Each structure stands twice: as structure tokens, then as C-alpha cells.
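As numbered in full-length UniProt numbering, residues 1 to 125 make up the sequence shown, in order. Single-structure report; data block below.
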Amino acid sequence: MSDGMTVRREVLGDAHVDRAEARKTEFTADFQDFITRYAWGEIWTRPLLDRRTRSCITLTALVARGHLEELAMHVRAAVRNGLSADEIKEVLLQTAVYCGVPAANAAFAVAQRVLLEDGVITEGE
1 MSDGMTVRRE VLGDAHVDRA EARKTEFTAD FQDFITRYAW GEIWTRPLLD
51 RRTRSCITLT ALVARGHLEE LAMHVRAAVR NGLSADEIKE VLLQTAVYCG
101 VPAANAAFAV AQRVLLEDGV ITEGE
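Structure follows, in C-alpha cells:
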């Protein structure tokens, strides 16, 4: 298994990667290979930033660009990388200042749904 696939599985989880691989077609195979080699194999494997920091940066970038589907996946990844729900909340509060309140509002809704679904927080937290 390539370094990229190893990191991709460690960060996103085997179940997510297995689903993505099962949906891969001749049309999407090159893109899947590209993100595995480039994003996961070249960027996420660089030694200077740890995975927690990379998760904070990734969450912020996804909020800034309004990529809510990817945000849900990376909230789960952030927890897997060691961020607590409170740390994710702090990242999202920071995005409210620099990315805008509407973007952060949508991000909080996605993050809360994911954290509830995965049992990281309970209703009312």
C-alpha cells in the first residue's frame, strides 16, 4: 500500500476509503489516484505540521469555500486525528471572524450533526 493510501486510511478511516474505492469507476479512477498520491501522499505526509494542525487548517479551508460535504468528512477526520469537540468548536469560531458568520453557522450545523451521529457529543452539549 502506498504512503498516500496509508495516510488516507488513517485519517479518513477504512470504511470511508473502502466506500470511495468501491464507487471508483474508469471515469473517476485517475482523480482518486491523484488525490491519494498528491493530497495524502505528498501533503499530509510532510513532517513539519502534525495531523491535528493539518485538520484545523483543512476545516478552516472547507468552511471558507463552503464545501460542507467535505467538511462533514473532515470533522470525523479531525476527531480521528485527536481534536476534541471543543477544539473543533474553537476552529469554527475562528472561522466566523475570518470567513464570515454565515459560513461558520452552516459549519456549526454540519459539525454538530456529525459529532452527534458519531457519539462524540450528546444532545444539549
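Just so you know, even glycine gets a beta-carbon here, dropped at the ideal spot from N, CA and C. Being a predicted model, the structure only gives us computed values, none of them experimental.
What three-state label does DSSP hand Asp30 in the structure shown? Three-state result, Asp30: helix.
Do Leu92 and Ala104 count as a contact pair if the criterion is CB distance below 7 Å? Their beta carbons are under 7 Å apart, which means Ala104 touches Leu92 by this criterion.
Exposed or buried, which one is Met1 when buried takes at least 16 other CB atoms within 10 Å? Label assigned to Met1: exposed.
Would you kindly work out how many angstroms separate the C-alpha atoms of Glu123 and Leu116, rounded to a whole number? Rounded to whole angstroms, Glu123 to Leu116 spans 7 Å at the Cα level.
Alpha-carbon to alpha-carbon, Trp44 and Leu59: Counting only the Cα atoms, Trp44 lies some 14 Å from Leu59.
Compute the beta-carbon to beta-carbon distance between Val120 and Ala85, rounded to the nearest angstrom, for a pair I have assumed lies under 8 Å. That pair is a contact at about 5 Å.
Taking the alpha helix (DSSP H) that His16 belongs to, which residues open and close that run? Residues Asp14 to Arg23.
Under 7 Å Cβ to Cβ from Arg52, same chain only, skipping five residues before and after it: list those, please. Counting only Cβ-Cβ distances below 7 Å, and skipping sequence neighbours, we find Asn81, Gly82 and Leu83.
Within the region 77-112, note down every full alpha helix (DSSP H) run reaching 4 residues or more, in order along the chain. Listed in chain order, the complete alpha helix (DSSP H) runs (minimum 4 residues) inside the region 77-112 are 85-99.
Here's the rule I'm using: 16 or more other beta-carbon atoms within 10 Å means buried, otherwise exposed. How should Thr36 be labelled? By the neighbour-count rule (16 or more Cβ atoms within 10 Å), Thr36 is buried.
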